[in-house]
Amino acid sequence: MTSTSGMILSASDGFAQYVAAFNRGDHESYAAFYSPDVVLCNGAGTELHGRTAIVEFYERFRTLVHRVMEVKGFVMGHHCLAASLASRFNILAEQMEFADQNLHKGDQVDIESIALYELIDGKFSAIHATTMSRNIRRAGHAA
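Here's what the structure looks like:
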């Protein structure tokens, strides 16, 4: 992976940049990590085909939910990487279906997941995520 200045990055630095761009909602920057025909299957089972479909999905999603990912662990292989991720989802919509629950503005969902990122020519060609645990905190209730 290379930075915008052309400097060679380690895989973990590049992945950290991807996650940071995703957390900021910087669609152009995180989409640069995807191959044009990337396939994403998220922990909820939603399957998206292509860079444009993923970006459009998350642009809409960010109007309803604020998500912040944290990398808990990272392993690099020859043509893939695996990451242990902790994500906090803050619900922004007054009412929405999320994580198989009817949630309301102010509710939080914490999800621990494992994601496998397949690589072709240094770009993500497929992303497969599996939810390991989920904790829902309702607005106004103690943690």
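Read in order, the letters of the sequence shown correspond to residues 1 to 143 in the working numbering. By construction, the Cβ of each residue, glycine as well, lies at the ideal position given by its N, Cα and C atoms.
- For Leu103, the secondary structure class from DSSP, reduced to helix, strand or coil, is strand.
- Within its own chain, the residues whose Cβ lies closer than 7 Å to the Cβ of Gly50, once the five positions on either side in sequence are excluded, are Pro36, Asp37, Val38, listed in chain order.
- Looking at the backbone, the Cα of Leu92 and that of Phe33 are separated by about 27 Å.
- Between Val68 and Ser87, the beta carbon gap of about 7 Å places them in contact (Cβ cut-off 8 Å).
- The C-beta distance from Thr130 to Ile111 rounds to 10 Å, too long to fall under 8 Å, and the pair is not in contact.
- Beta-bridge annotation (DSSP): Gln95 is paired with His104.
- With fewer than three CB-CB distances shorter than 8 Å, the segment 51 to 61 does not count as touching the segment 90 to 110.
- The Cβ atoms of Val109 and Phe89 lie closer than 8 Å to each other.
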